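**Q** Right, I'll just put the structure down here and ask away after.
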Amino acid sequence: MPTKTADCRLECRGEKKKAQNAQEASADVEASANVVEYAGKASVALSASDHSSWLSSLAAANWNTDTGATSHMTPHRHWFASYSPHIIPVRLTNDTIIYTAGMGSVMFELVLGESKAPVVVLHNVLHVPQLGSNLLSVYHLTKTKGY
1 MPTKTADCRL ECRGEKKKAQ NAQEASADVE ASANVVEYAG KASVALSASD
51 HSSWLSSLAA ANWNTDTGAT SHMTPHRHWF ASYSPHIIPV RLTNDTIIYT
101 AGMGSVMFEL VLGESKAPVV VLHNVLHVPQ LGSNLLSVYH LTKTKGY
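Residue 63 in full-length UniProt numbering is what sits at position 63 of the sequence shown, and the numbering runs on without skipping anything.
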């Protein structure tokens with residue numbers, strides 16, 4: 001009956017250790033994929049499944065007013081009436097950096113109680129796919145629009 005040499009045993013142990021490390025790393029990635037980072041009223045959706053379930057919720061259509069945002073931002077590419085690629089970094093309040101994919105104009109209808117207001121067009125809205133909510137920049141409205 002053949003016996004394993006010391007070199008073979010070391011090599012087999014090394015392969016087992018690599019497989020164990022890969023399995024542990026896979027479990028860590030799976031666990032961290034469900035984490036959502038919060039930055040003020042903004043959150044970053046890190047998981048595709050979290051993002052798709054979030055998009056299906058009613059809250060996905062709401063705009064959160066944010067005094068810390070310098071521009072209006074949304075993760076919804078299909079909302080843009082006009083769009084051009086535009087990649088710039090966006091710093092969240094926890095110093096995480098995410099990137100825009102584009103910029104353009106978004107049209108939406110305000111609902112005030114039971115009545116609907118005229119269509120509003122927001123220009124220079126940043127498309128930030130990783131963003132977990134829509135941000136309406138109070139800074140942008142007050143400094144550039146005079147509201």
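Backbone N, C-alpha and C fix where the C-beta goes; we use that ideal spot for every residue, glycine too.
These numbers were taken from a predicted model, which means no experiment stands behind them.
If you follow the alpha helix (DSSP H) that residue 141 is in, where does it begin and where does it stop?
**A** Within the sequence shown, residue 141 is the residue found at index 141, counting from 1. Segment 138 to 143, the alpha helix (DSSP H) holding residue 141.
**Q** Three or more C-beta pairs under 8 angstroms: does that hold for the stretch 135 to 145 against the stretch 91 to 99?
**A** Touching, no.
**Q** For the beta strand (DSSP E) that contains residue 92, what are its first and last residues?
**A** Stepping through the sequence shown from its first residue, residue 92 is reached at position 92. Neither: residue 92 is in no beta strand (DSSP E) and is coded neither H nor E.
**Q** Does DSSP put residue 72 in a helix, in a strand, or in coil?
**A** The residue you call residue 72 lines up with position 72 of the sequence shown. If DSSP states are grouped into helix, strand and coil, residue 72 belongs with coil.
**Q** Between residue 136 and chain D, is the shortest Cβ-Cβ distance under 7 angstroms, so that the two count as touching?
**A** Of the protein chains in the structure, only one exists, and it is not chain D.
**Q** Where does the unbroken beta strand (DSSP E) through residue 105 begin, and where does it stop?
**A** By 1-based counting over the sequence shown, the position of residue 105 is 105. Counting along the chain, the beta strand (DSSP E) containing residue 105 begins and ends at 102 to 112.
**Q** Got a sec, what are the start and stop residues for the beta strand (DSSP E) residue 126 sits in?
**A** Numbered from its first residue, the sequence shown carries residue 126 at position 126. Element bounds for residue 126: 115 to 127.
**Q** Between the Cα of residue 77 and the Cα atoms of 66, 102, 116, 133, which residue gives the shortest distance?
**A** As a working mapping, residue 77 is identified with position 77 in the sequence shown. 102 is the residue among 66, 102, 116, 133 whose C-alpha sits nearest the C-alpha of residue 77.
**Q** What whole-angstrom Cβ distance do residue 139 and residue 81 have, given they're in contact under 8 angstroms?
**A** Numbered from 1 along the sequence shown, position 139 holds the residue referred to as residue 139. Numbered from 1 along the sequence shown, position 81 holds the residue referred to as residue 81. The Cβ separation is near 23 angstroms, so there is no contact.
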